[in-house]
């Protein structure tokens, strides 16, 4: 299994531009999570999906952020417009819907907004 | 509200010395407890977890953690660390609320193993 795949691995963009981060979960997993990691705030859960349906988006910082999961094998996190304070590493993770299931994290996308 | 606290942001320790990374949680409901490890420039990986049963759980690389309900703690220990254990360690809890699972990660502890 290739694990969770994220693209791009690095993204540098200018303030005001739209940014789209992509994630392919592990085949067979039915939960998908988006996290943001910064030195100041640590690891924050932004949103997660069960069976392609958003379950908890209370961590999404503001309306500039949106996430979609059109099918079981693909999800996007979009920031429009981007701001310098959005600079962070964004992780996608997938798991089975179960209290005991571990989350498998992707390698992350390092976003820099100048 | 539920929360996870990792009081130590950084822990330096010499190679072959023992280490304990502390994790305390606050919860009014039952929780399931996890430790994840993050090596530089990588995503998190599961180290070990406690769901039920024996309160002492072990990982394949010598780490162990003990669930202490009365002290609401889930500290991570290793009797003898290696240079390769240098990484960031995250404590996490899962609990059921409002018809769904909720996930909370601690702020992480950076373990630096010194030669």
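Residue numbers (our numbering), protein chains in the order written: chain V, 1 to 114; chain Z, 1 to 115. All C-beta atoms in this analysis are idealised placements derived from N, C-alpha and C, irrespective of residue type, glycine included.
Using a Cβ-Cβ cut-off of 9 Å, residue 89 of chain Z does not count as an interface residue toward chain V, since no Cβ of chain V sits closer than that to its own. Excluding residues up to 5 positions away in sequence, 20, 21, 22, 23, 65 and 66 lie with their Cβ nearer than 7 Å to the Cβ of residue 75 of chain Z in the same chain.
In the three-state reduction of the DSSP assignment, residue 66 of chain V falls in the strand class, which pools E and B. In terms of Cα proximity to residue 97 of chain V, the closest of V:32, V:14 and V:7 is V:32. Scanning chain V for C-beta atoms nearer than 8 Å to the C-beta of residue 49 of chain Z yields 100 and 102, reported in chain order.
The C-alpha of residue 112 of chain V is placed about 9 Å away from the C-alpha of residue 85 of chain V.
By the CB criterion at 9 Å, residue 79 of chain V and residue 18 of chain V fall inside the cutoff. When the five nearest sequence neighbours on each side are left out, the beta carbons in the same chain lying within less than 8 Å of the beta carbon of residue 83 of chain Z are those of 15, 113 and 115, in order along the chain. Our two residues, residue 25 of chain Z and residue 50 of chain V, have alpha carbons roughly 25 Å apart in a direct line. Under the three-state reduction of DSSP, residue 9 of chain V is assigned to coil, being neither helix nor strand.
Looking only at Z:32, Z:81, Z:89 and Z:55, the smallest Cα-Cα distance to residue 43 of chain Z is reached by Z:89. Here residue 47 of chain Z is not near residue 32 of chain Z, since their CB atoms are 9 Å or more apart. Shown here, residue 86 of chain V sits in a helix according to DSSP, grouped into three states.
When secondary structure is reduced to three states using DSSP, residue 104 of chain Z falls in the strand class. Residue 30 of chain Z places its beta carbon 9 Å or farther from that of residue 101 of chain Z. Residue 107 of chain Z reaches chain V at 42, counting residues in chain order whose Cβ is nearer than 7 Å. The three-state secondary structure of residue 83 of chain Z, taken from DSSP, is helix. Beta-bridge partners of residue 56 of chain V (DSSP): V:48. The continuous beta strand (DSSP E) containing residue 45 of chain Z extends over residues 44–50. In summary, residue 78 of chain Z is buried, with 16 or more beta-carbon neighbours lying within 10 Å of its beta-carbon over all protein chains present.
As the crow flies, the alpha-carbon of residue 100 of chain V is around 14 Å from that of residue 91 of chain Z.
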